[in-house]
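Mapping of the sequence shown onto full-length UniProt numbering: position 194 corresponds to residue 194, and the numbering continues sequentially without gaps. Where a beta carbon is used, it is the ideal one built from N, C-alpha and C, also for glycine. Single-structure report; data block below.
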Amino acid sequence: MTDLQKRILDIFREVRDILDRNGITYFAIGGTCIGAVRHGGFIPWDDDLDIAVPIEQFGRMLDLLKAELPPHLELYTGAERKHYRYIFVKVTDNRTTFIEKTEIGYPDAYKGVFIDIMPISGVLPDKRFYSRIKRYFSMNVRRRFEKGEGGSSFVRRAARWAAAHLPVRYSFFSDRYMAFLAEHPFEGAEYTGYVWWSEPEKLTFPKRFFAETVELPFEDTVMKCPAGYDGYLTAQFGNYMEYPPEKDREAHHYALVRTDVPYGYYKDNPGRVREDYRDE
Numbered sequence: 001m002t003d004l005q006k007r008i009l010d011i012f013r014e015v016r017d018i019l020d021r022n023g024i025t026y027f028a029i030g031g032t033c034i035g036a037v038r039h040g041g042f043i044p045w046d047d048d049l050d051i052a053v054p055i056e057q058f059g060r061m062l063d064l065l066k067a068e069l070p071p072h073l074e075l076y077t078g079a080e081r082k083h084y085r086y087i088f089v090k091v092t093d094n095r096t097t098f099i100e101k102t103e104i105g106y107p108d109a110y111k112g113v114f115i116d117i118m119p120i121s122g123v124l125p126d127k128r129f130y131s132r133i134k135r136y137f138s139m140n141v142r143r144r145f146e147k148g149e150g151g152s153s154f155v156r157r158a159a160r161w162a163a164a165h166l167p168v169r170y171s172f173f174s175d176r177y178m179a180f181l182a183e184h185p186f187e188g189a190e191y192t193g194y195v196w197w198s199e200p201e202k203l204t205f206p207k208r209f210f211a212e213t214v215e216l217p218f219e220d221t222v223m224k225c226p227a228g229y230d231g232y233l234t235a236q237f238g239n240y241m242e243y244p245p246e247k248d249r250e251a252h253h254y255a256l257v258r259t260d261v262p263y264g265y266y267k268d269n270p271g272r273v274r275e276d277y278r279d280e
């Protein structure tokens, strides 16, 4: 493991213990699930760790993390940070720094090394459901950045209205996004998928893949993964047991990473970020 991966795994252990102790369902997704299956740990070049929690347990999970995380770990959400565009949350180590290239101009978005926790809900695989997800995703981004990416003229008008009439509530659309997902529980659904993303129709799966979990070795511990991981990973990645070409074996994030410098240093000295980023 790299030093970064060791830090990430330490965060996961703390979060896992809280979730297990309180009966919260979770499982690895994406590259973290591939890592558990194919490598027995991290994909060697990976720089993140992703788990999903059912939408009907997500609010309780947030309350538990707020109450039980140790002082060096922080819950990182869009409720407190205007320029965080996603509805999934992070748990971040405030003794470290992980500032992505897209965050450099927004000190309120600075953070430490982290893990991601995604809300996973039921999915109705039809145009209307997907349209709602895309609309909420785009409106949330536009509300937070006053421009955002993509979106119809309706979305742009709605975001401008929110910016003019809701000067404090930059979480206005993300709150409604989460409320919409809560109307579609994970349990009992026929389909589920990546509802936190802008193209959910490309990442919709039969719920049966995720109905149960199985523990797989992960570095020096274990990771809960969907019991139907083969069907799930095949649907998303194809032959997931085959290594990608050498040129594609690289980290997902372009970031300023310091495992020995608190991100608060850069919030106090934002001018240092670009300088230190160039030295990476």
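query, result
"May I ask you to list the residues that DSSP assigns as paired with R258?", "T97"
"Which residue from I8, F12, M61, V53 puts its Cα closest to that of E46?", "It is Asp, not Glu, that sits at residue 46 in the sequence shown. If we check each option's Cα against that of D46, I8 comes out closest."
"Ends of the alpha helix (DSSP H) at A235?", "229-237"
"Opposite P54 in the DSSP bridges: which residues?", "I120"
"Count the other C-beta atoms from every protein chain shown that fall within 10 angstroms of the C-beta of R143, then say buried if there are 16 or more, exposed otherwise.", "buried"
"Between the stretch 5-19 and the stretch 86-93, can you find at least three pairs of beta-carbon atoms closer than 8 Å?", "yes"
"Between F137 and Y76, which are expected to be in contact by the criterion C-beta below 8 Å, what is the C-beta distance as a whole number of angstroms?", "About 19 Å; that fails the 8 Å criterion."
"State buried or exposed for K207, treating a residue as buried only when at least 16 other CB atoms are found within 10 Å of its CB.", "buried"
"When we look at the beta-carbon of A67 and count the other beta-carbons within 10 Å, is it buried (16 or more) or exposed?", "exposed"
"Would you kindly work out how many angstroms separate the C-alpha atoms of G148 and L64, rounded to a whole number?", "At G148 the pLDDT is 42, less than 50, meaning the model places this residue with poor confidence; the figure from the coordinates comes in the next sentence. Those two C-alpha atoms are separated by around 32 Å."
"Excluding the 5 residues preceding and the 5 following A255 in the sequence, name in chain order all residues of the same chain whose CB lies nearer than 7 Å to its CB.", "F98, I99, E100, K101"
"Ends of the alpha helix (DSSP H) at K6?", "3-21"
"Looking only at its chain, what residues have a beta carbon closer than 6 Å to the beta carbon of K267, apart from the 5 residues adjacent to it on each side?", "P107, Y110"
"Can you tell me where the beta strand (DSSP E) holding K127 begins and where it ends?", "Counting along the chain, K127 falls outside any beta strand (DSSP E), though it belongs to the alpha helix (DSSP H) covering 127-145."
"What is the rounded straight-line gap between the Cα of K224 and the Cα of Y26?", "7 Å"
"Measuring alpha carbon to alpha carbon, tell me which of G228, L203, W196 ends up nearest A211.", "G228"
"Exposed or buried, which one is H184 when buried takes at least 16 other CB atoms within 10 Å?", "buried"
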